[in-house]
Amino acid sequence: MRVHAWKTEPTRGGKPQIQKTIKRAALVLILVAAGLGVTGSVASAAAVSIDLCATTGTATMADGVTVPIWGFGLTAAAGDCAGVTPSLPGPALSVNDGDTVTISVTNALPAGHDLSFEIPGIAFDPGPVDAAVGTTVTRTFIANDPGTYSYQSGGSAGRQAAMGLYGALVVRPSTPNQAYDPPATAYDVEALLVLSALDPAFNAAPDTFNMHAYRATYWLINGTSYPDTAPGITAAAGQRVLLRYVSAGYDNTTMTLLGVHQRVVARDARLLNNPFDANAETIPAGATEDTIVTMPAGAGPSPHGYPLYNRQLHVTTGAQAGGSPAPATGGGMLTFIHH
Amino acid sequence: MRQRALRLAVAGTLAAGMALLAPGHAEALPPGAPKIGMVCTPGTVSGSTHTFNLVAKTGYIDTPDGNSVFMWSYANADAPDSGHFQTPGPVLCVTQGQTVVVNLTNTLPEPASIVFPGQDAAVTATGGVAGLLTTEAAASSGTVSYSFTAGSPGTYLYESGSNVAKQIEMGLYGALIVRPSAGPGFAYGSTTAFDPSREYLLLLSEIDPDLHHAVETGGSYDINALHNRYFAVNGREFPDTIQDNGSGLLPNQPYGSLVRVQPTLPGSAPALVRMINAGALNHPFHPHGNHTTLIAQDGRLLLSPGGTSASTEHFGETIASGQTQDFLLRWDDQDKWDPVTNQLPVPPPNYRNVFFKDSNTWYGGSPYLGYKGTLPTGVVSQNICGEWYFPWHSHALNEFTNFDEGFGGMATLLRVDPPGGCFASPASASLIGGVLNSGTVANLGVDDSSYYVVNPRTTSRTSATSASQTSITVASAAGFPTSGAYYIRIDSEVLQVTGGQGTTTWTVARGQLGTAAATHVNGAVVTALATDWYAGFAGVPAGAGNLRVTYKGKNCGGTTTTCTAIASNPPQQTVKICNWTIAGAAGCSSATSTGWVTLPPPPAQPQSVGSTDVSSTWTLPGSPAAYIGTGSNAGQVRVLVHTQRYTSPAPTAFSTWGNLMALTYDAP
């Protein structure tokens with residue numbers, strides 16, 4: 074099952090101590106069912122190491138089609154990509170405000186694809202950003218601005234990101250269960266929504282595909298489409314649901330939530346001076362947004378709860394040419410928030 | 002004015018185009034719907050419940066390039082002809098706190114439904130069948146009823162919640178307006194006052210005709226290959242967007258989108274422009290002219306955390322798919338343009354900026370708010386009254402087309418009328434009871450120090466007059482009324498002519514208006530007690546509304562070209578307008594003709610007007626069609642100034658000094 078919420082417990086540890094600093098593994102896999110509450114713990118600044126591999130793999134779409142991807146995966150040892158399976162999107166990374174974060178990325182892509190690792194909005198310590206195939210690039214930064222970020226490869230003129238080399242990074246403030254330092258960003262339930270699109274024809278031939286012919290047919294939330302996104306995000310009436318959007322696709326993406334407004338509190342990991350309530354909210358390509366939904370008491374307009382979907386009507390899955398008359402809605406970038 | 006006009010050609014000729022329109026309105030609209038501005042669908046109100054009956058059905062629209070496109074839409078089952086197809090769906094206007102019931106009957110071949118994005122109160126569905134996003138009405142004849150409490154005021158979308166990638170593209174959408182309990186003059190709370198007569202809705206949408214054709218014929222279609230060719234505002238593509246609401250040319254597209262304002266005047270409220278993007282694309286909408294002020298999105302005021310306005314000003318703003326935005330619009334005239342006191346020194350448009358087609362013009366940019374200039378042979382109209390047009394359009398310029406042919410598509414016009422409306426100056430001034438002392442008609446066009454001055458007509462007795470004589474002969478009757486009873490003065494006696502008008506032998510009643518009958522010598526001067534003259538206006542368009550007459554003038558003692566102050570007993574002035582329906586032009590041919598109708602109060606008439614200018618404006622209620630000539634008098638309006646003075650027991654000479662005569666009106 075693919076889901077779009079996570080737990081924040083460290084799931085990986087055991088790294089050797091370096092001097093007196095515990096190297097705390099803070100990254101989090103997307104492992105738990107949607108809507109589980111977030112385990113809070115008072116964060117303290119630490120040195121955090123995250124070791125990633127960029128490698129080839131496959132992703133299975135909601136209609137059963139298997140698509141080749143390039144993606145990020147976690148590795149147990151920096152530089153060793155053996156046995157690493159990439160995910161679409163890459164693993165969700167979570168660090169705490171003040172952490173000194175070291176990310177290593179080992180390039181196990183096909184020959185000739187230099188990887189360029191970047192986290193827009195975060196400045197790395199000086200050093201190379203690119204990794205040739207078979208090499209590792211290591212970047213270090215102090216995570217001192219809470220918020221929702223994306224990480225990605227900027228290599229091959231965007232083709233690497235289009236293949237799936239993207240993921241989310243969350244920097245958490247010192248206060249648990251808040252998106253940012255102000256209490257107004259408190260939440261009960263947290264959900265990450267990495268929005269992207271996929272054209273399997275491109276993925277089948279990433280080096281030679283004519284990008285002018287790029288035509289996405291899969292519209293993804295956390296790498297999958299409805300109904301694989303179901304049942305969605307669980308929250309009780311009155312609970313505050315933090316939606317962390319990462320727009321990782323090629324186009325601006327408008328998400329509408331039926332039955333309740335969402336309060337837009339931050340864009341690109343920066344709080345808004347004037348938060349506002351949106352019904353249809355556009356997240357520009359490459360941008361992130363944080364919104365908070367206060368769950369109403371009612372069950373929502375749908376039998377499945379409150380529909381959250383792509384208002385550009387990318388709610389189909391896969392090729393649509395055969396239908397008569399197409400399209401048949403009920404896939405794509407659609408999920409629900411429910412009690 | 003702030004000039005932000007691109008040198009884009011804008012429609013300068015509405016007048017000629019209007020003449021082509023079939024009268025009346027499409028049956029989808031309620032009777033009496035305004036021709037311009039948002040039209041609400043009445044629905045049925047019972048107590049606090051507001052009910053609408055909609056039917057999802059198929060129909061066709063016309064596009065400006067001559068195409069006909071198959072559509073799905075919601076229609077108003079309560080429309081005058083019961084469910085006349087229309088796109089977009091009916092504009093549903095409700096009041097905050099009302100229980101809104103929307104009953105849907107589905108005649109489409111697949112399940113259909115309605116969702117109400119932005120309504121945060123629970124929407125209860127009765128009947129129907131559970132669907133993916135909401136409860137649906139089954140195919141072909143299914144029904145479902147939705148009910149909710151209208152929440153926060155604002156502008157909302159309603160749309161299909163079924164098979165949305167297809168059904169929304171096919172046209173299943175409409176506007177839901179929630180008005181605040183504060184009243185119709187407010188968009189939200191008390192900080193959002195607007196002029197309720199200037200409320201506009203611009204609902205954006207897109208059409209890929211290939212999808213529509215596939216749906217119509219049962220053909221196949223690839224939604225991933227969506228290629229929109231038509232881009233609509235309120236279901237029409239430019240230039241159809243500027244036609245009136247209910248234009249007979251567009252029977253299934255009842256909603257126009259011409260935005261019409263006047264320059265901001267002290268105390269005037271702004272216009273409200275409600276925008277909805279029902280399409281699947283985000284649109285960069287670009288209003289030329291003044292900035293628009295974005296006050297709300299998705300039915301929520303934009304506020305700072307402290308509660309103060311967080312509105313922003315725009316001349317380009319992206320409206321996202323499914324989003325709504327509310328704008329206040331003021332036309333702030335920085336140059337204090339006034340057609341009389343501060344004409345702008347602009348020439349007629351440079352013909353290099355003008356496109357001519359047939360007898361019409363499409364003109365580009367300059368001048369603005371000017372008068373009609375000289376036009377090339379065969380071109381009958383530049384614009385209606387010097388108003389200015391600005392294109393409002395999607396700045397994704399491929400959307401500013403009809404099937405890739407520019408410009409068209411997602412565009413409309415902002416029309417800025419002159420302050421107070423269209424303005425007309427007299428084309429002529431005619432004496433029908435008096436003698437021109439000085440001045441010309443041009444003196445009546447401007448509020449300044451030059452006057453059109455009329456003295457009472459005089460003649461003389463040809464013999465001595467006894468105190469009891471009731472038939473008198475005068476040297477000449479020229480310039481005296483040819484019919485009706487009227488007063489004259491000989492020496493200090495006022496007489497009334499009751500017979501023989503138009504001849505030199507008059508039957509008179511003696512000693513009128515408090516004066517005493519007296520004897521008068523042979524050759525005594527006979528003076529009309531009144532002056533009567535009228536200003537003639539030309540070119541007032543048929544269908545003009547809200548006609549207002551302004552007259553400013555004074556009366557002076559004596560009949561010379563110098564104004565002598567009148568210390569007491571000022572002359573009495575009555576301003577009248579010609580009602581052409583009473584007796585045609587003949588009904589207004591002389592001062593006492595039956596066609597002259599006293600302008601209705603306020604201000605009441607007659608007025609006492611002395612040697613200080615008095616300015617008065619009268620508004621004619623209702624349709625002023627009776628006052629605008631037809632046939633050989635087409636476009637003519639005549640306004641009469643009747644002034645008379647009698648001061649018992651010794652009437653004295655006076656003269657009438659007209660300063661300004663003007664007509665303002667709302668052009669059709």
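Which chain is which? The protein sequence lines are A and B, in order. Per our numbering, the very first residue in the first sequence carries number 74; after that it's consecutive. Per our numbering, the very first residue in the second sequence carries number 2; after that it's consecutive. Backbone N, C-alpha and C fix where the C-beta goes; we use that ideal spot for every residue, glycine too.
Residue i versus residue j: straight-line alpha-carbon distance, rounded
i, j, result
"F145(A)", "G130(A)", "9 angstroms"
"E406(B)", "T329(A)", "32 angstroms"
"G707(B)", "D121(B)", "Because chain B in this structure spans residues 2 to 669, residue 707(B) falls outside the shown range and cannot be described."
"S322(B)", "T326(A)", "9 angstroms"
"L445(B)", "A543(B)", "24 angstroms"
"V46(B)", "T52(B)", "6 angstroms"
"V145(B)", "V102(B)", "10 angstroms"
"Y628(B)", "H394(B)", "38 angstroms"
"F195(B)", "E191(A)", "49 angstroms"
"W597(B)", "S439(B)", "25 angstroms"
"N278(B)", "P118(B)", "12 angstroms"
"S163(B)", "M368(A)", "24 angstroms"
"A663(B)", "V92(B)", "39 angstroms"
"G317(B)", "S310(B)", "20 angstroms"
C-beta neighbour in chain B for residue i, strict 8 angstroms
i, result
"P304(A)", "no"
"T258(A)", "no"
"P376(A)", "yes"
"T329(A)", "yes"
"L386(A)", "yes"
"H285(A)", "no"
"V333(A)", "yes"
"N22(A)", "There is no way to answer for residue 22(A), as the model of chain A reaches only from 74 to 412."
"G403(A)", "yes"
Counted within 10 angstroms of its Cβ, other Cβ atoms place residue i as buried (16 or more) or exposed
i, result
"Y287(A)", "exposed"
"L266(B)", "exposed"
"D280(A)", "exposed"
"V111(A)", "Residue confidence for V111(A) is low, a pLDDT of 35 falling below 50, so the modelled location carries little weight and cannot support an answer."
"H77(A)", "Here the model assigns H77(A) a pLDDT of 36, short of 50, so the residue's position is not dependable, and the following value carries that caveat. H77(A) comes out buried."
"E137(B)", "buried"
"T307(A)", "buried"
"D1(B)", "In the structure displayed, chain B extends from 2 to 669; residue 1(B) sits before or after that span and is not available."
"D272(A)", "buried"
"L437(B)", "exposed"
Of the residues the options, the one placed nearest residue i, counting alpha carbons only
i, options, result
"S320(A)", "Q312(A), E263(A), P357(A), G305(A)", "P357(A)"
"G257(B)", "V454(B), A270(B), V509(B), V40(B)", "V40(B)"
"P601(B)", "T613(B), L621(B), G588(B)", "L621(B)"
"Y174(B)", "E160(B), H521(B), G186(B)", "E160(B)"
"L220(B)", "L166(A), P164(A), G171(A), Q393(A)", "Checking the sequence shown, residue 220(B) turns out to be Gly, not Leu. When each option's Cα is compared against that of G220(B), the closest is Q393(A)."
"S375(A)", "A215(B), A568(B), P210(B), T135(B)", "T135(B)"
"T408(A)", "P300(A), D153(A), A181(A)", "P300(A)"
"Y231(B)", "V550(B), G515(B), T402(B), G184(B)", "T402(B)"
"D172(A)", "V206(A), A118(A), I142(A)", "A118(A)"
"Y382(A)", "A303(A), F349(A), A289(A), T213(A)", "A303(A)"
Chain A within 8 angstroms of residue i, Cβ atoms only
i, result
"V116(B)", "yes"
"Q97(B)", "no"
"G44(B)", "no"
"S275(B)", "Residue 275(B) is actually Arg in this sequence, not Ser. So, not an interface residue."
"Q326(B)", "no"
"L600(B)", "no"
"D449(B)", "no"
"S69(B)", "no"
Residue i Cβ short of 7 angstroms to the ligand HEM heavy atom set
i, result
"S229(A)", "With respect to the ligand HEM, the structure shown offers nothing to examine, as it has no ligands at all."
| query | In the region 162-175 of chain B, which residues sit with their C-beta less than 9 angstroms from some C-beta in chain A, listed in chain order? | reply | G162, S163, N164, V165, A166, K167, Q168, I169, E170
| request: Taking a Cβ distance cut-off of 7 angstroms, strictly less, list which residues of the region 119-136 of chain B are near chain A, in chain order. | output: G119, D121, A123, V124, A131, L133, L134, T135
| query | In chain order, what residues of the region 290-307 of chain B put their CB closer than 8 angstroms to some CB of chain A? | reply | Q298, D299, G300, R301, L303, L304, S305, P306
| task | Could you name the residues of the region 222-240 of chain B whose beta carbon sits closer than 8 angstroms to any beta carbon of chain A, in the order they occur along the chain? | result | Y222, D223, I224, N225, A226
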